[in-house]
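Engineer:
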Amino acid sequence: MPEKTVREMTAMERKHYSLEARMFHSVEMFSAVLGLVALLIGLGLYVYALLGQYVGEAFGLARSASMVIEQVADTETLAGDVMAVYRALSQEERAGSRTETYRANYAEISSGEDYQMLRTVLREFLDSSDVNDIFLAVYDRETSSLVYIVDPDEREGHICYPGDWEPVSEKELNTFLSWDGTGKLHYFSKRDNFAWLCTAGVPLRNDAGEIIGFVLADVSLAEVGSGIKSFLIQYVIGIAVATLLIGYFLTRHMKKTLVQPINEIAEAAHTYAQDKKKGEPRSDYFAMLNIRTGDEVENLSLVLADMERDLTEYEENLTKITAEKERIGTELALATRIQADMLPNIFPAFPERPDFDIYASMDPAKEVGGDFYDFFLIDETHLGIVMADVSGKGVPAALFMMISKILVQNFAMTGRSPAQVLQAVNDQICSNNREEMFVTIWFGVLDTETGIITAANAGHEYPVLMQAGGQFELVKDKHGFVIGGMDGMRYKEYELTLTPGSRLFLYTDGVPEATNAQREMFGTDRMLDALNEAPDAAPEMILKNVRKAVDGFVKDAEQFDDLTMLCVEYKGAHS
4 MPEKTVREMT AMERKHYSLE ARMFHSVEMF SAVLGLVALL IGLGLYVYAL
54 LGQYVGEAFG LARSASMVIE QVADTETLAG DVMAVYRALS QEERAGSRTE
104 TYRANYAEIS SGEDYQMLRT VLREFLDSSD VNDIFLAVYD RETSSLVYIV
154 DPDEREGHIC YPGDWEPVSE KELNTFLSWD GTGKLHYFSK RDNFAWLCTA
204 GVPLRNDAGE IIGFVLADVS LAEVGSGIKS FLIQYVIGIA VATLLIGYFL
254 TRHMKKTLVQ PINEIAEAAH TYAQDKKKGE PRSDYFAMLN IRTGDEVENL
304 SLVLADMERD LTEYEENLTK ITAEKERIGT ELALATRIQA DMLPNIFPAF
354 PERPDFDIYA SMDPAKEVGG DFYDFFLIDE THLGIVMADV SGKGVPAALF
404 MMISKILVQN FAMTGRSPAQ VLQAVNDQIC SNNREEMFVT IWFGVLDTET
454 GIITAANAGH EYPVLMQAGG QFELVKDKHG FVIGGMDGMR YKEYELTLTP
504 GSRLFLYTDG VPEATNAQRE MFGTDRMLDA LNEAPDAAPE MILKNVRKAV
554 DGFVKDAEQF DDLTMLCVEY KGAHS
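This note's numbering applies: residue 4 is where the sequence shown begins, and numbers increase by one.
Structure, rendered in structure tokens:
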């Protein structure tokens with residue numbers, strides 16, 4: 004910062020410390036930081052996507068090849084013959100792997116019809132793909148080795164015959180031999196005689212379900228480095244050019260629309276102050292500026308012109324308005340915090356419970372909302388789950404929401420069934436509901452030992468259930484009447500059976516009724532598509548996927564309604 008005041012500076016110093024110069028420096032610095040952050044994010048996404056592409060290509064090729072070779076040759080006998088010779092050799096003999104003497108032990112196998120057939124088939128797959136190698140091999144836990152059965156690779160230094168082997172890590176052995184069938188089986192490793200590789204594959208099993216070998220595909224990761232280098236060069240050049248252009252044009256624009264008008268206002272203020280000291284009666288200093296920028300600067304000049312005409316009255320009104328707005332803002336902020344604290348908001352909610360996982364979120368359309376969720380342990384084996392939507396919005400809905408939440412939990416803790424809880428809550432609210440508000444509630448109790456959910460629905464949205472290994476689907480349960488709508492209502496219960504890995508998704512109408520700028524609603528079909536994008540994900544990620552899909556659909560449109568979601572994953576009873 005300069006030690007001189009503006010009036011003490013030379014013209015060159017004023018230019019150096021001017022708002023225009025600072026704005027240019029700030030824009031350049033911000034653009035550079037933003038470019039660096041974007042570079043790191045983009046580089047990470049690029050590498051992640053590239054590796055995912057390699058894994059997917061290698062795994063898909065290995066899976067396709069496995070389905071073919073099982074039909075054209077007796078892989079079980081071939082692998083058994085190779086491993087029989089391999090295990091019959093002494094440790095010293097195996098140490099001579101890849102020598103002519105060592106490979107002579109497998110000469111008869113190499114000349115067999117099944118070996119030649121498999122080698123031809125694998126060669127066709129290799130020639131028609133971009134992988135570095137595709138081969139049939141056995142992971143031998145006893146010797147911590149990968150033993151080649153059939154390898155069609157004919158590149159110098161890469162040729163592997165039956166019985167050739169190479170050491171592998173315990174982690175790689177466990178990755179392949181303990182695969183549970185989910186995801187894409189792969190492993191990144193650095194071989195002694197190769198570069199970094201991504202090895203993906205699928206196991207081959209005999210009629211008894213035992214693994215007899217693996218069809219494996221190797222992809223070299225050398226391309227990643229060259230791809231990253233090219234990406235960095237292009238990106239850095241692009242960011243540098245963009246930063247300079249943005250800084251230049253934005254500074255030029257801001258000088259015209261901000262700096263020059265501010266200087267005019269400052270000069271008018273200086274003249275105004277000097278003339279006031281002299282007792283000049285003029286009152287048109289700011290009115291004569293004629294600033295037409297169409298933004299806050301023009302508004303500032305108009306406000307200052309009004310101030311000239313009636314400064315005292317304006318200041319009094321401004322003080323009153325500011326104080327009132329601050330009071331209302333403070334009260335709404337406090338109400339928002341109180342409402343947020345009323346809902347369970349610490350996750351993981353039950354870190355000591357391995358039998359289930361639960362996650363929920365509530366985003367109000369205004370400062371406070373009428374939606375709410377809740378979950379609580381009624382006892383050690385029963386989890387109460389609530390999803391509700393109060394009529395209306397804002398502070399009245401928030402107050403009604405708090406009352407409803409407390410009533411549901413209080414009646415649930417007495418051991419009543421879901422239908423009895425909803426009946427008791429309805430009777431309590433109807434007894435004193437002059438504003439005729441109502442609330443829709445879905446309430447269920449999960450038995451954590453059996454996975455059975457006993458539930459009742461008071462006019463709320465359909466729940467969505469995903470059984471283990473399946474897809475999310477709507478459960479079109481029978482709705483009862485809304486809570487607070489009519490005294491003496493009765494509600495019906497039903498059961499949902501969850502197995503380990505099942506997930507239940509609850510929501511309010513703010514999700515399917517989210518509206519974009521074209522006044523189209525998000526709908527349950529898009530919601531199901533978002534849920535099934537990664538149905539086996541953790542509850543928190545499932546909610547993030549849905550919210551991402553809603554935001555991508557709504558874009559810049561104003562949020563119409565409160566948006567509340569909850570997902571529970573049942574993992575099975577713990578011993």
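From the three backbone atoms N, C-alpha and C, an ideal C-beta is built for every residue, glycine too.
1) Rounding to the nearest angstrom, what Cα-Cα distance links LEU37 and VAL30 in this structure?
2) Do TYR109 and CYS201 have their C-beta atoms within less than 8 Å of each other?
3) Going by C-alpha to C-alpha distance, which of GLU127, PHE128, LEU176 and PHE375 sits closest to VAL141?
4) With DSSP as the reference, please indicate the residues paired to ASN293 in a beta bridge.
5) Exposed or buried, which one is GLU572 when buried takes at least 16 other CB atoms within 10 Å?
6) Rounded to whole angstroms, what's the CA-CA distance from LEU139 to THR178? Just pull it up for me.
7) Taking C-alpha atoms, which residue in ILE162, ASP183, GLU145 and GLY184 lies nearest to VAL171?
8) Where DSSP assigns a beta bridge to HIS385, which residues make up the other side?
9) Can you tell which of GLY184, HIS189 and TYR275 has its C-alpha closest to the C-alpha of ALA308?
10) Taking all protein chains shown into account, do 16 or more other C-beta atoms lie within 10 angstroms of the C-beta of THR315, making it buried, or fewer, making it exposed?
11) Please name the residue, chosen from VAL553, ALA220 and MET32, that lies closest to PRO515 on a Cα-to-Cα basis.
12) In whole angstroms, what separates the C-alpha of PHE33 from that of LYS479?
13) Once the 5 residues before and after VAL50 are set aside, which same chain residues still bring their CB inside 6 Å of it?
14) To the nearest angstrom, how far is the alpha carbon of PRO538 from that of LYS547?
15) Hey, out of VAL239, ALA540 and PHE375, whose CA is closest to LEU39's CA?
16) Between which residues of its own chain and ASN519 is the CB-CB distance below 7 Å, once the five residues before and five after are set aside?
17) Within 8 Å (strictly less), CB to CB, does GLU169 reach chain C?
18) Does DSSP put TYR251 in a helix, in a strand, or in coil?
19) Measuring straight from C-alpha to C-alpha, what distance separates LEU346 and PHE353?
20) Compare the Cα-Cα distances from GLY504 to each of ASP358, ALA271 and GLY282 and report the closest residue.
21) Classify PRO580: buried if its beta carbon has 16 or more other beta carbons within 10 angstroms, exposed otherwise.
22) In the DSSP assignment, find the beta strand (DSSP E) that holds GLU496 and state where it starts and stops.
23) Given a cut-off of 8 Å, decide if VAL222 and VAL134 are closer than it, judged by their beta-carbon atoms.
24) Beta strand (DSSP E) containing GLY204: first to last residue?
25) Exposed or buried, which one is MET489 when buried takes at least 16 other CB atoms within 10 Å?
26) What do you reckon, is the C-beta of PHE350 under 7 Å from a heavy atom of the ligand MG?
27) Please state whether DSSP places LYS369 in a helix, a strand or coil.
28) At the level of alpha carbons, what is the spacing between PHE375 and ALA41?
29) Helix, strand or coil: how does DSSP classify GLY526 here?
Structural biologist: This is what the structure holds:
1) Working through the sequence shown from its first residue, we reach residue 37 at position 34. Working through the sequence shown from its first residue, we reach residue 30 at position 27. One C-alpha to the other measures close to 10 Å.
2) As a working mapping, residue 109 is identified with position 106 in the sequence shown. As a working mapping, residue 201 is identified with position 198 in the sequence shown. Result no, Cβ atoms of TYR109 and CYS201 do not sit closer than 8 Å.
3) Taking the sequence shown and counting its residues from 1, the one referred to as residue 141 is at position 138. Closest option to VAL141, Cα to Cα, is LEU176.
4) Within the sequence shown, the letter at position 290 stands for residue 293. Paired residues: none, contrary to the question.
5) Working through the sequence shown from its first residue, we reach residue 572 at position 569. With 16 or more Cβ atoms within 10 Å of its Cβ, GLU572 is classed as buried.
6) As a first step, residue 139 must be located in the sequence shown, where it is residue number 136. As a first step, residue 178 must be located in the sequence shown, where it is residue number 175. Each residue's alpha carbon lies about 17 Å from the other.
7) Taking the first residue of the sequence shown as position 1, residue 171 is located at position 168. Among ILE162, ASP183, GLU145 and GLY184, the Cα nearest to that of VAL171 belongs to GLU145.
8) Here residue 385 is taken as the residue at index 382 of the sequence shown, counted from 1. BP columns for HIS385 point to ASP382 and ASP450.
9) Translated into the one-based positions of the sequence shown, residue 308 becomes position 305. The shortest Cα separation from ALA308 among GLY184, HIS189 and TYR275 belongs to TYR275.
10) Counted from its first residue, the sequence shown places residue 315 at position 312. The pLDDT assigned to THR315 is 45, lower than 50, so where the model puts this residue is not dependable, and the model offers no usable value.
11) Indexing the sequence shown from 1 puts residue 515 at position 512. PRO515 has its Cα closest to that of VAL553, out of VAL553, ALA220 and MET32.
12) By one-based count along the sequence shown, residue 33 stands at place 30. By one-based count along the sequence shown, residue 479 stands at place 476. Going by the C-alpha atoms only, they are around 52 Å apart.
13) Position 47 of the sequence shown, counting from 1, holds the residue named residue 50. None.
14) Along the sequence shown, read from residue 1 onward, the residue named residue 538 stands at position 535. Along the sequence shown, read from residue 1 onward, the residue named residue 547 stands at position 544. Approximately 12 Å between the Cα atoms of the pair.
15) By 1-based counting over the sequence shown, the position of residue 39 is 36. Selected option, being the one with the closest Cα: VAL239.
16) The residue labelled residue 519 in the question sits at position 516 within the sequence shown. The answer, listed in chain order, is PHE556, VAL557, LYS558 and ALA560.
17) Checking the listed chains, one finds no chain C in this structure; it contains a single protein chain.
18) For this step, residue 251 is matched to residue 248 along the sequence shown. Note: TYR251 maps to helix in three-state DSSP.
19) Reading the sequence shown from its first residue, position 343 is the one you call residue 346. Reading the sequence shown from its first residue, position 350 is the one you call residue 353. Looking at the two C-alpha atoms, the distance is approximately 15 Å.
20) Your numbering for residue 504 matches position 501 in the sequence shown. When each option's Cα is compared against that of GLY504, the closest is ASP358.
21) Lying before the first or after the last residue shown, residue 580 is absent from the chain, which here runs from 4 to 578.
22) What you label residue 496 is simply residue 493 of the sequence shown in a count that begins at 1. Per DSSP, GLU496 belongs to the beta strand (DSSP E) from 496-500.
23) Here residue 134 is taken as the residue at index 131 of the sequence shown, counted from 1. Here residue 222 is taken as the residue at index 219 of the sequence shown, counted from 1. A contact, by the Cβ cut-off of 8 Å.
24) Residue 204 sits at position 201 when you count from the first residue of the sequence shown. 199-208 is the span of the beta strand (DSSP E), which, as asked, contains GLY204.
25) Locating residue 489 in the sequence shown gives position 486, where the first residue counts as 1. Classification of MET489: exposed, given that the 10 Å Cβ count is below 16.
26) As far as ligands go, the structure on display features none, and thus does not contain the ligand MG.
27) Translated into the one-based positions of the sequence shown, residue 369 becomes position 366. In this structure, LYS369 counts as coil in the three-state DSSP scheme.
28) Counting from 1 along the sequence shown, the entry for residue 375 is found at position 372. Counting from 1 along the sequence shown, the entry for residue 41 is found at position 38. Taking the straight line joining both Cα atoms gives about 37 Å.
29) The residue given as residue 526 occupies position 523 in the sequence shown. In the structure shown, GLY526 sits in a helix (DSSP, three-state: H, G or I).
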